[in-house]
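*Asks:* This is the structure, below, for whatever I ask next.
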Amino acid sequence: MSRRNALRLGGLGTAAIAAGGAGLWWTGSSRFSTVAGGDFTDPKQLRSSNGRLQVRLEASAGSVQLGGQQASALGYNGGIPGPTLRLRSGDVFAVELVNSMDVPTNLHVHGLHVSPQGNGDNVFNVVEPGHSFRYEYRLPADHPPGVYWYHPHHHGMVADQIFAGLFGAIIVEDAQPVDVSRERVMVVSDITLDGSGTVAGPSPMDRMLGREGELVLVNGQSNPKLSARPGERERWRIVNTCVARYLQLRLDGQQMQLLGMDSGRFPTPRNADEVLLAPGNRADVLVTAVEGDATLSAVYYNRGSMAGMTGPAGPAPNGAQGTGDLVLATLSVSGAPAEPPPAVPARPAAADLRTAAVAARRQLTFAVGGMGMGMGMGMSFTINGREFNASRTDTTVAAQTVEEWTLMNPSPMDHPFHLHVWPMQIIEEQSQAPGQPVWRDVINIPANGQVRVRIHFKDFTGRSVYHCHILDHEDQGMMGVIEVR
Ligand code: C2O
Ligand code: CU
Ligand code: CU
0 MSRRNALRLG
10 GLGTAAIAAG
20 GAGLWWTGSS
30 RFSTVAGGDF
40 TDPKQLRSSN
50 GRLQVRLEAS
60 AGSVQLGGQQ
70 ASALGYNGGI
80 PGPTLRLRSG
90 DVFAVELVNS
100 MDVPTNLHVH
110 GLHVSPQGNG
120 DNVFNVVEPG
130 HSFRYEYRLP
140 ADHPPGVYWY
150 HPHHHGMVAD
160 QIFAGLFGAI
170 IVEDAQPVDV
180 SRERVMVVSD
190 ITLDGSGTVA
200 GPSPMDRMLG
210 REGELVLVNG
220 QSNPKLSARP
230 GERERWRIVN
240 TCVARYLQLR
250 LDGQQMQLLG
260 MDSGRFPTPR
270 NADEVLLAPG
280 NRADVLVTAV
290 EGDATLSAVY
300 YNRGSMAGMT
310 GPAGPAPNGA
320 QGTGDLVLAT
330 LSVSGAPAEP
340 PPAVPARPAA
350 ADLRTAAVAA
360 RRQLTFAVGG
370 MGMGMGMGMS
380 FTINGREFNA
390 SRTDTTVAAQ
400 TVEEWTLMNP
410 SPMDHPFHLH
420 VWPMQIIEEQ
430 SQAPGQPVWR
440 DVINIPANGQ
450 VRVRIHFKDF
460 TGRSVYHCHI
470 LDHEDQGMMG
480 VIEVR
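All residue numbers for the sequence shown refer to numbering that gives the first Met the number 0, where the first residue is 0 and numbers rise by one.
Below you can see the structure in the form of structure tokens.
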């Protein structure tokens, strides 16, 4: 019998009483028990009006509600996740970030196409404990609609702060609304808590492979319940905020259609049985409800490992066995059938750089070195042989040009590559060229694989970064500085 099984059985008596029969999961070694099956709740929303949104985000440590229990973690404005920020293209969006923690932090608006300079999306800025900073972002009038998110980006502490609860969703609304019965924001995160509800630190192996929390939550809830009537169409905005966990999502028995991923919206929705979200990716999904019960689950995805290591493929959390499915949420569909929803308005075709003139070609190689020196000892995480150095500029690009980058991964584990400010079009992935334009801001580079992308460095100049979105890798150096001028 596995240790996790022993814990589950051992704890069931008292726990079942505490949970009032609602059902309960024990998580691996953490012994933190959560109450599963509560009603799904959307994060609090703040919406822009008259072209402006002004918010105050206070990052602090304290007692937060997680999986139906109290835990000691981090949160924006006291909750996990932070509020959902709803914007429109052309908006000015100001955030007063208040750092009430005892460590430095800062703020990044992941995926937004905004200036990286000054008090814009500038990750070189540091907000010291007890200080605050006023960020201001101006979304271009043609900013793509879609799902984005915010999180800290202070180098060396990014994984710790996100793992402990600092993240929230940003939605850029459609110019022409999509008719749905309801919209839900689903911020997926993972965390490991010890028996007293305190966030666990990473082991050397967690740091090397990227930590995966034993508890996987949606809006801080464990397996929340959603209900709908047959024929209703829902729109789910799903964000993978996990530090290192990939989410291969399925909703068997229901009809899922993908409106887009990251900022890349498709002209028309595409049917999808499975949606893979690497850390940092988002999906914009339509679900047309079919009578019956269904689970939103994450099925096992093999992201590789290091030689001689047991990979992140160990026992899955939330009660799943081994590489079994992880249940994120449960959808129950019953009642009187709803009227069929009207057609989704078509979007203009996405930009296509496949025939663009390429001003420069570059190669970026992602390497993990130092094996044989002992696990976690002397490991290096590099891009083109170098670890991150904030005062060095690795890549200088001429503004307004199109470049082609070949992303090479000779290591035995996947690295999800992320570039700030400018989205990337996938030109070739594992020797396959996509039939239509595919745009992402996080692109998985498979173990021992490569991906070719094109980027149009339009609209903004300034210094920013690209990095692996397995945030333990980023914190250990797998990040580079780009300057567009
Ligand atoms: Cu989601 Cu550089 O970050
Ligand atoms: Cu980002
Ligand atoms: Cu990586």
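Don't be surprised by glycine CBs; every beta carbon is placed ideally from N, CA and C.
Please output, in chain order, the residues near ligand 3 using a CB cut-off of less than 5 angstroms to any non-hydrogen atom of the ligand.
*Replies:* Ordered along the chain, the selected set is 414, 467, 469 and 472.
*Asks:* Does the segment 376-387 touch the segment 473-483, meaning 3 or more C-beta pairs lie closer than 8 angstroms?
*Replies:* With the cut-off at 8 angstroms, the segment 473-483 and the segment 376-387 touch.
*Asks:* Going by C-alpha distance, which of 181, 469, 79 and 88 is nearest residue 285?
*Replies:* As a first step, residue 285 must be located in the sequence shown, where it is residue number 286. Out of 181, 469, 79 and 88, 181 has the C-alpha closest to the C-alpha of residue 285.
*Asks:* Could you spell out where the beta strand (DSSP E) holding residue 208 opens and where it closes?
*Replies:* To locate residue 208, count along the sequence shown from 1; it is residue 209. Per DSSP, residue 208 belongs to no beta strand (DSSP E); it is in the alpha helix (DSSP H), 203-208.
*Asks:* In terms of residue numbering, what span does the beta strand (DSSP E) encompassing residue 69 cover?
*Replies:* As a working mapping, residue 69 is identified with position 70 in the sequence shown. Unbroken beta strand (DSSP E) run through residue 69: 68-75.
*Asks:* Would you tell me roughly how many angstroms separate the C-alpha atoms of residue 156 and residue 206, rounded to the nearest one?
*Replies:* Here residue 156 corresponds to residue number 157 of the sequence shown, with the count starting at 1. Here residue 206 corresponds to residue number 207 of the sequence shown, with the count starting at 1. So the two alpha carbons sit approximately 12 angstroms from each other.
*Asks:* Go to residue 470, then tell me how far its alpha helix (DSSP H) extends in each direction, as first and last residue.
*Replies:* In the sequence shown, counting from the first residue as 1, residue 470 sits at position 471. Residues 470-474.
*Asks:* Grab the span of the beta strand (DSSP E) containing residue 158 for me, first residue to last.
*Replies:* Stepping through the sequence shown from its first residue, residue 158 is reached at position 159. No beta strand (DSSP E) holds residue 158; the alpha helix (DSSP H) holding it covers 157-162.
*Asks:* Can you list, in chain order, every residue whose CB sits closer than 5 angstroms to a heavy atom of ligand 1?
*Replies:* Residues with a Cβ closer than 5 angstroms to any heavy atom of ligand 1, in chain order: 109 and 279.
*Asks:* Measuring CB to CB, does residue 80 end up less than 9 angstroms from residue 54?
*Replies:* The residue given as residue 80 occupies position 81 in the sequence shown. The residue given as residue 54 occupies position 55 in the sequence shown. Not a contact, by the Cβ cut-off of 9 angstroms.
*Asks:* Please say whether residue 264 and residue 258 have beta carbons closer to each other than 9 angstroms?
*Replies:* On the sequence shown, residue 258 is found 259 positions in, with the first residue counted as 1. On the sequence shown, residue 264 is found 265 positions in, with the first residue counted as 1. Cβ distance < 9 angstroms, so residue 258 and residue 264 count as in contact.
*Asks:* Between which two residues does the beta strand (DSSP E) harbouring residue 224 extend?
*Replies:* Taking the first residue of the sequence shown as 1, we reach residue 224 at position 225. Run containing residue 224: 224-227, per the beta strand (DSSP E) assignment.
*Asks:* For residue 414, write down the residues that DSSP places opposite it in a beta bridge.
*Replies:* Taking the first residue of the sequence shown as position 1, residue 414 is located at position 415. Answer is 444.
*Asks:* With DSSP collapsed to three states, give me the class of residue 127.
*Replies:* As a first step, residue 127 is located in the sequence shown; it is residue number 128 there, counting from the start. Three-state DSSP puts residue 127 in coil, outside helix and strand.
*Asks:* Does the separation of the CB atoms of residue 225 and residue 328 fall below 9 angstroms?
*Replies:* Counting from one through the sequence shown, the residue named residue 225 turns up at place 226. Counting from one through the sequence shown, the residue named residue 328 turns up at place 329. Cβ atoms of residue 225 and residue 328: closer than 9 angstroms.
*Asks:* Can you give me the C-alpha to C-alpha distance between residue 118 and residue 87, rounded to a whole angstrom?
*Replies:* For the purposes of this step, residue 118 is identified with residue 119 of the sequence shown, where counting begins at 1. For the purposes of this step, residue 87 is identified with residue 88 of the sequence shown, where counting begins at 1. Near 20 angstroms, if we compare the C-alpha coordinates of residue 87 and residue 118.
*Asks:* Whose C-beta lies closer than 6 angstroms to the C-beta of residue 91 among residues of the same chain, with five residues either side of it excluded?
*Replies:* Within the sequence shown, the letter at position 92 stands for residue 91. For residue 91, where only same-chain residues beyond five positions count, the Cβ hits under 6 angstroms are 51 and 137.
*Asks:* Measure the Cβ-Cβ separation of residue 255 and residue 281 and say whether it is below 9 angstroms.
*Replies:* Numbered from its first residue, the sequence shown carries residue 255 at position 256. Numbered from its first residue, the sequence shown carries residue 281 at position 282. For residue 255 and residue 281, no; Cβs fall outside 9 angstroms.
*Asks:* Return yes when the C-beta of residue 324 is under 8 angstroms from any heavy atom of ligand 2, and no when it is not.
*Replies:* Residue mapping note: residue 324 aligns to position 325 of the sequence shown, counting from 1. Checking every heavy atom of ligand 2 against the Cβ of residue 324, none is found closer than 8 angstroms.
*Asks:* Cα separation between residue 112 and residue 335?
*Replies:* Translated into the one-based positions of the sequence shown, residue 112 becomes position 113. Translated into the one-based positions of the sequence shown, residue 335 becomes position 336. The straight-line gap from Cα to Cα measures roughly 43 angstroms.
*Asks:* My assumption, with CB atoms under 8 angstroms, is that residue 196 sits in contact with residue 64. Please give the rounded CB distance.
*Replies:* By one-based count along the sequence shown, residue 196 stands at place 197. By one-based count along the sequence shown, residue 64 stands at place 65. Contact doesn't hold; Cβ gap of about 11 angstroms is too wide.
*Asks:* With a threshold of 8 angstroms (Cβ to nearest heavy atom), would residue 474 be considered close to ligand 2?
*Replies:* Reading the sequence shown from its first residue, position 475 is the one you call residue 474. No, the Cβ of residue 474 stays beyond 8 angstroms of every heavy atom of ligand 2.
*Asks:* Just checking, does the segment 415-424 make contact with the segment 460-467 on the three C-beta pairs under 8 angstroms criterion?
*Replies:* Yes: at least three Cβ pairs fall under 8 angstroms.
*Asks:* Residue 195 lies in the beta strand (DSSP E); which residues open and close that run?
*Replies:* Here residue 195 refers to the residue found at position 196 when the sequence shown is read from its first residue. It is not in any beta strand (DSSP E) - residue 195 carries neither H nor E in the DSSP assignment.
*Asks:* Can you confirm whether the segment 186-195 touches the segment 162-176 when touching is taken to mean that 3 or more C-beta pairs between the two stretches lie within less than 8 angstroms?
*Replies:* Flag = yes, the segment 162-176 and the segment 186-195 touch.
*Asks:* What distance in whole Å lies between the Cβ atoms of residue 146 and residue 170, which are believed to be in contact at a cut-off of 8 angstroms?
*Replies:* Walking along the sequence shown from the start, residue 170 turns up at place 171. Walking along the sequence shown from the start, residue 146 turns up at place 147. About 6 angstroms separates the two Cβ atoms, so the contact holds.
*Asks:* Using a Cβ-Cβ cutoff of less than 7 angstroms, which residues in the same chain neighbour residue 133 once the five nearest sequence positions on both sides are dropped?
*Replies:* In the sequence shown, the residue the question calls residue 133 occupies position 134. 93, 95 and 118.
*Asks:* Please report the straight-line C-alpha distance between residue 25 and residue 66, rounded to a whole angstrom.
*Replies:* Start at 1 with the first residue of the sequence shown, and residue 25 comes out as number 26. Start at 1 with the first residue of the sequence shown, and residue 66 comes out as number 67. Here the model assigns residue 25 a pLDDT of 39, short of 50, so the residue's position is not dependable, and the following value carries that caveat. Approximately 11 angstroms between the Cα atoms of the pair.
*Asks:* Count Cβ pairs between the segment 399-413 and the segment 268-275 that sit closer than 8 angstroms; are there 3 or more?
*Replies:* Short answer: they don't touch.
*Asks:* Would you say residue 419 touches ligand 2, meaning its beta carbon is less than 8 angstroms from a heavy atom?
*Replies:* Residue numbering aside, residue 419 sits at position 420 when the sequence shown is read from its first letter. Because some heavy atom of ligand 2 lies under 8 angstroms away, the Cβ of residue 419 counts as near it: yes.
*Asks:* Taking only heavy atoms of ligand 2 into account, decide whether any of them is closer than 8 angstroms to the Cβ of residue 107.
*Replies:* Your numbering for residue 107 matches position 108 in the sequence shown. It does: the Cβ of residue 107 is within 8 angstroms (strictly closer) of some heavy atom of ligand 2.
*Asks:* In angstroms, rounded to a whole number, what distance separates the CA positions of residue 461 and residue 484?
*Replies:* Translated into positions along the sequence shown, residue 461 becomes position 462. Translated into positions along the sequence shown, residue 484 becomes position 485. Whole-angstrom Cα-Cα distance: 6 angstroms.
*Asks:* Taking a contact to mean a Cβ-Cβ separation below 9 angstroms, would you say residue 33 touches residue 218 in this structure?
*Replies:* Position 34 of the sequence shown, counting from 1, holds the residue named residue 33. Position 219 of the sequence shown, counting from 1, holds the residue named residue 218. No, they are not a contact pair.
*Asks:* Shortest alpha-carbon distance to residue 292 belongs to which of 323, 274, 278 and 251?
*Replies:* Numbered from 1 along the sequence shown, position 293 holds the residue referred to as residue 292. Residue 292 has its Cα closest to that of 251, out of 323, 274, 278 and 251.
*Asks:* Out of 445, 434, 349 and 353, point me to the one whose CA is closest to residue 365's CA.
*Replies:* If you number the sequence shown from 1, residue 365 lands on position 366. Checking every option, the nearest Cα to that of residue 365 belongs to 445.
*Asks:* Can you tell me whether residue 231 is buried or exposed? The criterion is at least 16 other CB atoms within 10 Å of its CB, across all chains shown.
*Replies:* Translated into positions along the sequence shown, residue 231 becomes position 232. Burial call: buried.
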